[in-house]
Amino acid sequence: MAKAKKTGITPTREADYPEWYQQVIKAADLAELSPVRGCMVVKPWGWAIWENMQRVLDGKFKETGHENAYFPLFIPMSYLEKEAEHVEGFAKECAVVTHHRLEPDPNGGLRPAGKLEEPLIVRPTSETIIGEMYARWVQSYRDLPILINQWANVVRWELRPRMFLRTAEFLWQEGHTAHADEAEAREETLRMLHVYADFAENYMAMPVIRGEKTAGERFPGAVSTLTIEAMMQDRKALQAGTSHFLGQNFSRAQGIKFQNQSGEEEFAWTTSWGVSTRLIGALIMTHSDDDGLVLPPRLAPAHVVILPIYRNDDERSGVLDYCQRLKNELEAKTYSGDAVRVRLDDRDLRGGEKNWQHIKRGVPLRAEVGPRDIENDAVFLARRDTGEKQGIGRGQFIESVGDILGEIQDGLFQRALELRQENTRTIDDLQEFREYFTPENADAPGIHGGFALCHFVDGDPVVEEEIKKLKVTVRCIPLEGDGQAGKCLFTGKPSAGRAVFAKAY
RNA sequence: CGGGACGUAGCUCAGCUUGGCUAGAGCACCGGCUUUGGGAGCCGGGGGUCGCAGGUUCGAAUCCUGUCGUCCCGACCA
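For the first sequence, position 42 matches number 140 in the working numbering, and the numbering has no gaps at all.
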C-alpha cells in the first residue's frame, strides 16, 4: 500500500516560509525561545553546529595572525557617546544597567537599589571599550598592528526577534585591529571579508556575494563596510558577515595615537569585523527542505548515524556488535581533515520514528544495519541531501565515506548556487523592477523576487523612496562587478556600476 | 512606540455567543500486550488553581473592569 507522501515539516516552504523556518528549528532540536523575551536557548544539536563554526573560523583567524582576548560585557555610557554616528546607530537598542543591588520591597518582592553614578550599557558591540584599551596600549608605531579577536555575547534590544536571525542576545566573534597606515587597515578589512566568504562557501556550502555597503547601510561610524550577502530559499537576502574599515573615526574619538618613525603623532587606522549565530539561520535557510534540516558535512555534528535494526534480543547483540565495529572502522577514516564523526543510535525506539528524527536533524548519511545486511556484509545507506537510498558493501562504504561526504558538500553548494543564479536578474527597466518585487497576492505574499542587478545613484531620495515602497534594499555593490557605467534605473542620472537589490532579513 | 489578534494539560486547540453536573480532544508522556527495514496498533494510566487581580451572581473558563504576557502587521536592526 502506497502511503500518501508525508513531509517531515508542516507547513512546507512553499506554503509558509517563515513558519517552516520555525518548525525546522523545532524539529531539528536546535534551539527554543526562552522565558526571557527575545532570548533563545541553544540546544545541544544547535550548539554543536556553532562549535564547529567556531572551530573553523577561529583557526582561520589565527592563520591570518590574530589572537583571542576578552573585554568586559559592560561599557560605561560615556564611552558610547564619544563617536557621534556610533551613538545614533546603537542608542535605541541598548540594555542599560542602572543599579547594582537588590533590596526587599514592602510587597515581599525585590527592588533595585544602589544606583550607579554612571549607567553601564550591555555591549551591543565592543568598538568603544576595546578602543579605550588600545589607546592605552599604543604609543609607538612599533606597537602596531594590534590584531585581536574576541568570542562574546552581545545584546541589542530588538523589537521583533526571530530565532538565530535576530535575537536580543546573540553570540558572535568581533575582530578589532589597529594599524599604522590606511592601506594596511584597508587590506585587513578585505582580507577578513575573504575569510568570511571562504568559510561561507567552502564550509557552509553557501554561495555569497562580496560587496560594499552603500552609505545608508554602513556600520555606524565606519568609513566603509564590506559584506557577504547570501540568497535564502525564499529568495530574500541575508547579510552573513561584515568587515568594517573604520578609518580614523574611532581612533580620534578614543585617542588611539602613536608616534611614527619621524616622531610625529598620528591616529591609528582601525577595523572591525564579525559574524554571529545568525550564520546558523543562514545555514538552515540555505539547505533545509520540507523534511527538515539539511547539514553540509563539514559542519555537521555527526556525518553518519548508524541505525541498528533487530527484532529480538538474539538479533540485538549481534547487530549491535556489527554496528559498533562499523562505527570504529568509519571513525578511523577522515573527511576534510577530521576523523569521520559517527553516532550509533541504539536507543530503544521504533525504527521509523528514529529514522525520521535523524532526517529532521539533517545528518548527512544514515546507515541502517539489520540481520539481512549483516548476512551480505553490507549496509543500507540513505543520503539526506538527495534522499537517495542504496545497499552498499561494508568495505566499500568505509572506503568511500569521505568521497560521499565530499559529494554531498559540493552538491549542496551547487544547488544553492543554481538557486541564486536562477533568481538573479539584470534589470534596466523600472516597470520590470517593480513587477519583479511585487507579490502576486499582496495579502499573502508568497515566495517571489530575488536579486536584481541595477544601476543606481547612492543616497538619491528618488531611489530611496521607490525601493522603500517595494520593501527592497540595496544589499551591496559587488566587488566583482562588471565595471560598466550606465544610467540610474530610477533617476536616469549617470551610474558608475550596478548594485544588488533584494528584499532582506 | 502605533494597528490587530490571542492567553484553557508539556504542545496544538475545542468549549465562551445564550453562566449550571466531575472542563474536553489530538499529539506527547507512563504501564501492559502485539509489533519493528520510512512517523505502529489495542487496552489502561498520570497530568489543568481555564494568565493574574478584582467585580457581578445562588453559581464564572464563560459576563464586566483592571493588569501582565505572547504572537502578527508596521517603524528599527547582524
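Even for Gly, the Cβ is constructed at its ideal location relative to N, Cα and C.
Quick caveat: nothing in here was measured; it's all calculated off a predicted structure.
Selection from the options that minimises the alpha carbon distance to residue i
i	options	result
D444	H197, Q422 and S434	Q422
D436	E362, H401 and E215	H401
L291	D279, E280 and E272	E272
A211	P217, H198 and T223	H198
W410	Q519, L587, G372 and P469	The residue asked about is misnamed: residue 410 is Asn in this sequence, not Trp. Out of Q519, L587, G372 and P469, P469 has the C-alpha closest to the C-alpha of N410.
P142	F343, L391, P399 and L324	P399
V461	Y115, F535, P116 and G144	G144
I575	M231, E256, I307 and L214	I307
W96	L155, G548 and M329	Residue numbering for the chain in the displayed model covers 99 to 603; residue 96 lies beyond these limits and cannot be assessed.
G595	A602, K585, T589 and Y603	K585
Y408	L424, V373 and V467	V467
P543	Y534, F549 and A550	Y534
A313	N521, G339, G157 and F343	F343
L214	D203, A193, W249 and P174	P174
F549	L577, E520, K566 and Q529	E520
Buried or exposed by the 16-neighbour rule on C-beta atoms within 10 Å, applied to residue i
i	result
F511	buried
D527	exposed
E600	Here the sequence assigns Ala to residue 600, which means Glu is not the residue at that position. It is buried - the Cβ of A600 has at least 16 other Cβ atoms within 10 Å.
T384	buried
K334	buried
N539	exposed
S176	exposed
L393	buried
N347	buried
V134	exposed
P305	buried
Q455	buried
F172	exposed
K452	buried
E161	exposed
L208	exposed
Inter-residue Cα distance where the pair is residue i and residue j
i	j	result
Y239	Q357	6 Å
A100	T524	Interpretation of A100 is limited by its pLDDT of 28, a score under 50 that renders its predicted location unreliable; the figure taken from the coordinates is listed afterwards. Answer to the nearest angstrom: the Cα atoms are 45 Å apart.
A295	D332	21 Å
V122	I382	8 Å
Y301	R396	6 Å
W148	F262	11 Å
E181	A351	6 Å
G390	A514	16 Å
E225	G416	59 Å
H277	T323	17 Å
A102	I457	Caution applies to A102, whose pLDDT of 39 falls short of 50 and renders its modelled position unreliable; the model cannot decide the point.
L288	N426	43 Å
A627	D387	Past the edges of the chain, shown from 99 to 603, lies residue 627, and the structure says nothing about it.
R234	P222	22 Å
I378	V570	24 Å
R518	R573	14 Å
L365	Q359	The amino acid occupying residue 365 in the given sequence is Phe; Leu does not appear at that position. Roughly 13 Å between the two C-alpha positions.
E282	Y115	43 Å
K124	R260	13 Å
I228	L178	12 Å
Q120	T375	16 Å
V598	G489	46 Å
G339	D446	42 Å
D508	E201	59 Å
L257	E117	19 Å
Beta-carbon contacts of residue i that lie in its chain and below 7 Å, excluding the five residues immediately before and after
i	result
L418	P406 and D444
E363	K355 and Q357
E413	P469
E506	The displayed chain sequence assigns Ile, not Glu, to residue 506. Taken in chain order, the residues that qualify are P395, P462, R481 and D483.
P537	P543, G544 and H546
L242	V236, A276, H277, A278, F356 and A366
E183	P318 and G319
Closer than 7 Å: residue i CB and nearest the ligand MN heavy atom
i	result
S374	This structure lacks the ligand MN; in fact it carries no ligand of any kind.
Cut-off 6 Å between Cβ atoms - residues of its own chain near residue i, not counting five sequence neighbours on either side
i	result
V140	A129
V195	L218
E267	C137, N251 and V253
Own chain residues within Cβ distance below 8 Å of residue i, not counting five before or after
i	result
E186	P318
V499	H401, V402, L428, K431, Y433, V438 and L463
K591	V555, D558 and K585
Which runs of the alpha helix (DSSP H), 4 residues or longer, sit entirely within the region 351–413? 376–385
For the region 285–362, list the beta strand (DSSP E) runs that are entirely contained and at least 3 residues long, ordered along the chain. 307–310, 322–329, 335–345 and 355–357
For the region 413–462, list the alpha helix (DSSP H) runs that are entirely contained and at least 4 residues long, ordered along the chain. Runs found: 449–459.
At what residue ranges does the region 198–262 contain a whole run of the alpha helix (DSSP H), taking only runs of 4 or more? Segments of the alpha helix (DSSP H) lying fully in the region 198–262: 225–235.
At 3 residues or longer, what runs of the beta strand (DSSP E) sit wholly inside the region 501–557? 522–524 and 549–553
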